[in-house]
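Participant: Residue numbers (my numbering), protein chains in the order written: chain W, 41 to 359; chain E, 8 to 385.
Glycine residues also receive a C-beta, built at the ideal position from the N, C-alpha and C atoms.
My questions will all concern the structure given below.
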C-alpha cells in the first residue's frame, strides 16, 4: 500500500494499547493516519477552502453583475469597521451579558444536578437538553408569546394582580436602557433573554461535567478548616470549577456573538447585531467584499477574545 | 493545672438514626484531653459516623457533644475548633502544599500564617515540597500534608478517619510511629477511627471497640487484649480460642470447670457474673505445647491441660502457628515462638497447657464467632 511510505513519520498520536506481544509495527504506524483522513478531508473541503475563498472575496473589488477581481483592497476592512462598529460592539455586549446570565443561572442548576438530584440526575439532564427537540426558530418565537404586550407574562401578572411587579421591573430595565418604552418585546432585553435561553444548555452541560467530578469531600474539608459556605465557594469550589466555566462561557459567548435569529425575531432596528449585517450584505445588498470582511473581523475579534480569556483563566492555577 | 478536664471531648447518649437504620446507638464516651484515642470496629459499625458528628459534618439525632463544658452539638463544622484528617486526605488540588497547610490559618486570619504553616511542614518533614502541588506527591507524603494541615490549627480535638488506609503495609508501620510521635510532641487530643486492630493497639492510649452502632468495650490496649468482655472483642482484637465450659463450683476463689469432660480451672474473679455456662477463652500465644500425650509430667501442675492432634503447621518466621484438634473436634490455634525448641510435627499427638490466670471467661449466650472474620484488613 502506498500509505506504508508514512512508516518513517514521527510517532503517531495513538491511544495507549495494552501490550499484546509482538504485533506487526507497520500496521500500527499508518492506521492513525487512515483514521484521520476523512476528518482532514472534510475540514479541507468544507472549512479551509471556503475560508480561503472568503479571505480572497474580502479583498476583491467589483460587483455582482460585472464580476470581481482580486485587488487586495484592504480599504473594505476600514470602511466596514467604521460603518458597522456599533453593531459589532453591540454583538459583543449582548453576547457577554447573555453569557454572564447563563453562568448565573447555569451554575446553581449544574451544581444541583451534579450533587443533589440523586436518582433524578439523568432525568434532569434530559430536561436540560429537551429544548433541542424543537427547532431553534420555534424556541425563539416562543419568547414573542411570552414577552408580548398581551403575552403570557402580562396575562399572568394581570391574573395574579401583580402588575405592579411587572411595571416595577420594566422601570428597572428602562434605567439600564434594556427597554426604551413600555414594551418588553423588540428590545435589547428581549434579545438577551432569547440568547440566554437558547445557549443555556451549552453552559450547563460543561459545568455539570466539571462539577460532577468535584469531590464533595473537598467542600467538607474546607468547612472543617473554618471556611463558611460562601468562603468555601470562593476558595475551593469556584477555582476548581474554572475549567468548566471557561468551556461553558466559550460555548455560549462565541455562537451568541455571531447569532442573528434572536435579534431578528425579538429585537428591533435598534438592536441589530453583526450577524444580521453580514446576512444582509451577503443576501440582500449583495456586497460580498464587505460581508466577507465583516466575517473576518468578527472571527478575529472572537479569536483575540478567546486567547486572552483562556490565558487569563489559565493563570488561575488550574489543575 | 487548675482544670485538667477543661478540654475533654464528651459524648452523651449520642444517637444517629437514618430512615431505615440506626448508625450510632446511644453512645456515652469521655475522651480525656491530650489522649490518643482509637475508635475501632468493622466497617459499618458507626465509628465514622461518630467521628463525623464530632467534626460537625453530621448532626446527631439525639444526645449532646461537648468539649469541656462547651456544648458544640449544634455548632456548624466551620465554627468548631475541631479538625479532621480525611480518609482520602481531601487536599485541595488547586493549591500548593503550603497553601493547603495554611488554609485554616488564613481562614481564621492568623497573622504569621506562613511561619506557622512552615513549622507544621517541618513537623512532618516536608518543608522541601512546600511549593509543589498535591498530585506531585506520593500517598505517604500527601498523608503527612493532610496531618500538617489539621495539626497546624492546634484544634481542641484532631480527628483521623482511617488515615493510613490507603498506604502500603510498610509505610503504614512507619506512619503509625510517626503519628504517635507527633501526637506526643503537640499534645493534642487525637481521635483515630480505624478497622485495623493492630493499628489501634500500636498507637492508642485508649481503644473503644464498636460494633453495630454500640460501644462494646473501652479500655487500654493491654486490658482489651488480655481480658476482653465479649466474644466480639475477643475475636476482633487478635485471635482467640473459645471453649465451651460449665462451672462446677468455686473453691478458694478458683472456679472448677468442666470442658468437654476435662477438668480445668479459672480464677473466680474472671467469671462473668451469674453465668454457669461460659466460653473459656485463651489466646494462641498463651498456650504451650508439652509434647506427646504420655508426657503428663509434674510440670503441668496448676496448668489447664488438654490433649489433641496437630492438624496444621505454618511457619511464620518469628513464630510457628499450629492448629490442634481436640478430642471433640474443635481446632485450637497455638502460636509458639521459634526459640530453638523442637517444633511439633504435623499429625503428632500433643498436650496443650496454659496458666489459668492467662485465660478469660465470657458468658456463653454470645455467638462464639462474633467478629471473627472481619478483623483483618479489607
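Please state the DSSP three-state secondary structure of residue 74 of chain E.
Facilitator: Correct three-state label for residue 74 of chain E: strand.
Participant: Does residue 257 of chain W come out as helix, strand or coil in the three-state DSSP assignment?
Facilitator: Reduced to three states, the DSSP call for residue 257 of chain W is helix.
Participant: Please list the partners that residue 85 of chain E has in chain W, where partner means a Cβ-to-Cβ separation under 7 angstroms.
Facilitator: Per Cβ cutoff of 7 angstroms: 263, 266, 267, 268.
Participant: Is DSSP giving residue 197 of chain E helix, strand or coil here?
Facilitator: Correct three-state label for residue 197 of chain E: strand.
Participant: What does residue 93 of chain E reach in chain W if we use C-beta pairs closer than 7 angstroms?
Facilitator: Correct list: 257, 261.
Participant: Residue 305 of chain E: buried (16+ other C-beta within 10 angstroms of its C-beta) or exposed?
Facilitator: With a pLDDT of only 49 at residue 305 of chain E, under the threshold of 50, the placement of this residue in the model should not be trusted; the figure read from the coordinates follows. Exposed.
Participant: For a quick check, are the C-beta atoms of residue 161 of chain E and residue 171 of chain E less than 7 angstroms apart?
Facilitator: Result no, Cβ atoms of residue 161 of chain E and residue 171 of chain E do not sit closer than 7 angstroms.
Participant: With a Cβ-Cβ cutoff of 7 angstroms, do residue 196 of chain E and residue 77 of chain E count as a contact?
Facilitator: No; because the gap between Cβ atoms is not below 7 angstroms, this pair is not in contact.
Participant: Checking 7 angstroms against the spacing of the C-beta atoms, do residue 187 of chain W and residue 230 of chain W come in under that value?
Facilitator: Yes. Within cutoff.
Participant: Which residues mark the beginning and the end of the alpha helix (DSSP H) in which residue 319 of chain W is found?
Facilitator: Residue 319 of chain W -> alpha helix (DSSP H) spans 314 to 323.
Participant: Which residues, in order along the region 279 to 299 of chain W, keep a beta-carbon less than 7 angstroms from a beta-carbon of chain E?
Facilitator: Within the region 279 to 299 of chain W, the qualifying residues are 279, 280.
Participant: Excluding the five sequence neighbours on either side, which residues of its own chain have a C-beta within less than 6 angstroms of the C-beta of residue 355 of chain E, listed in chain order?
Facilitator: These residues qualify, in order along the chain: 317.
Participant: What does the Cβ neighbour count give for residue 335 of chain E, buried or exposed, with the cut at 16 atoms within 10 Å?
Facilitator: By the 10 Å Cβ count, residue 335 of chain E comes out exposed.
Participant: Give the list of continuous alpha helix (DSSP H) stretches no shorter than 4 residues that lie fully inside the region 222 to 287 of chain E.
Facilitator: The qualifying runs are 228 to 233, 238 to 243.
Participant: Look up residue 295 of chain E in the DSSP assignment and say whether it is helix, strand or coil.
Facilitator: It is a strand residue.
Participant: Strictly below 9 angstroms CB to CB, what residues from chain W border residue 197 of chain E?
Facilitator: Those do not exist, as residue 197 of chain E stays about 15 angstroms from chain W at its closest Cβ, beyond 9 angstroms.
Participant: Whole angstroms are fine: how far does the CA of residue 147 of chain W sit from the CA of residue 93 of chain W?
Facilitator: Answer to the nearest angstrom: the Cα atoms are 41 angstroms apart.
Participant: Compare the C-alpha of residue 333 of chain W against each of W:191, W:281, W:224, W:113 and name the closest.
Facilitator: For residue 333 of chain W, the nearest C-alpha among the options comes from W:113.
Participant: Return the chain-ordered list of same chain residues with a C-beta closer than 8 angstroms to the C-beta of residue 107 of chain E, the five sequence neighbours on each side being excluded.
Facilitator: Contacts found: 98, 99, 141, 152, 156.
Participant: Select from E:367, E:70, E:203, E:189 the residue whose C-alpha is nearest the C-alpha of residue 378 of chain E.
Facilitator: With distances taken between Cα atoms, residue 378 of chain E lies closest to E:203.
Participant: Using a C-beta cutoff of 7 angstroms, does residue 166 of chain W count as contacting chain E?
Facilitator: By this cut-off, residue 166 of chain W is not an interface position.
Participant: Any contact of the region 128 to 139 of chain E with the region 285 to 304 of chain W, i.e. 3+ C-beta pairs under 8 angstroms?
Facilitator: Output reads no: the region 285 to 304 of chain W does not touch the region 128 to 139 of chain E.
Participant: Output needed for residue 104 of chain W: all residues of its chain with C-beta closer than 7 angstroms, excluding positions within five of it in sequence on either side, in chain order.
Facilitator: Result list for residue 104 of chain W: 326, in chain order.
Participant: Let me make sure I understand the geometry here. Which of E:323, E:337, E:283, E:312 has the alpha-carbon closest to that of residue 345 of chain E?
Facilitator: For residue 345 of chain E, the nearest C-alpha among the options comes from E:323.
Participant: Find out if the Cβ-Cβ distance for the pair residue 22 of chain E, residue 63 of chain E is shorter than 7 angstroms.
Facilitator: No, the Cβ-Cβ distance between residue 22 of chain E and residue 63 of chain E is not below 7 angstroms.
Participant: Under 8 angstroms between beta-carbons, which chain W residues line up against residue 2 of chain E? List them in chain order, please.
Facilitator: Lying outside 8 to 385, the shown extent of chain E, residue 2 of chain E is not represented and no answer is given.
Participant: Can you list, in chain order, the residues of its chain whose CB lies under 7 angstroms from that of residue 275 of chain E, leaving out five sequence neighbours each side?
Facilitator: Hits under 7 angstroms: 257, 260, 261, 262.
Participant: Terminal residues of the continuous beta strand (DSSP E) containing residue 369 of chain E?
Facilitator: 367 to 370 is the span of the beta strand (DSSP E), which, as asked, contains residue 369 of chain E.
Participant: Could you name the residues of chain E that residue 276 of chain W contacts, counting a contact when the two beta carbons are closer than 7 angstroms?
Facilitator: Chain E residues near residue 276 of chain W: 99.
Participant: Report buried or exposed for residue 116 of chain E, applying the criterion of at least 16 other Cβ atoms within 10 angstroms of its Cβ.
Facilitator: Answer is exposed; the Cβ neighbour count stays below 16.
Participant: Please confirm whether residue 114 of chain E has its beta-carbon closer than 7 angstroms to some beta-carbon of chain W.
Facilitator: Yes, residue 114 of chain E counts as interfacial toward chain W.
Participant: Rounding to the nearest angstrom, what Cα-Cα distance links residue 366 of chain E and residue 190 of chain E in this structure?
Facilitator: Looking at the two C-alpha atoms, the distance is approximately 34 angstroms.
Participant: Quickly, what does DSSP pair residue 24 of chain E with across the bridge? List them, please.
Facilitator: Paired residues: E:29.
Participant: Taking 7 angstroms as the limit between beta carbons, can you name the residues of its chain near residue 211 of chain E, skipping five residues before and five after?
Facilitator: Excluding sequence neighbours, residue 211 of chain E sits near 43, 44, 45, 199, 228.
Participant: Suppose the cutoff is 6 angstroms on Cβ atoms and the five residues either side in sequence are ignored; what does the same chain contact list for residue 360 of chain E look like?
Facilitator: Excluding sequence neighbours, residue 360 of chain E sits near 295, 297, 307, 310, 312.
Participant: Hey, could you find the ends of the beta strand (DSSP E) residue 361 of chain E is sitting in?
Facilitator: Counting along the chain, the beta strand (DSSP E) containing residue 361 of chain E begins and ends at 356 to 361.
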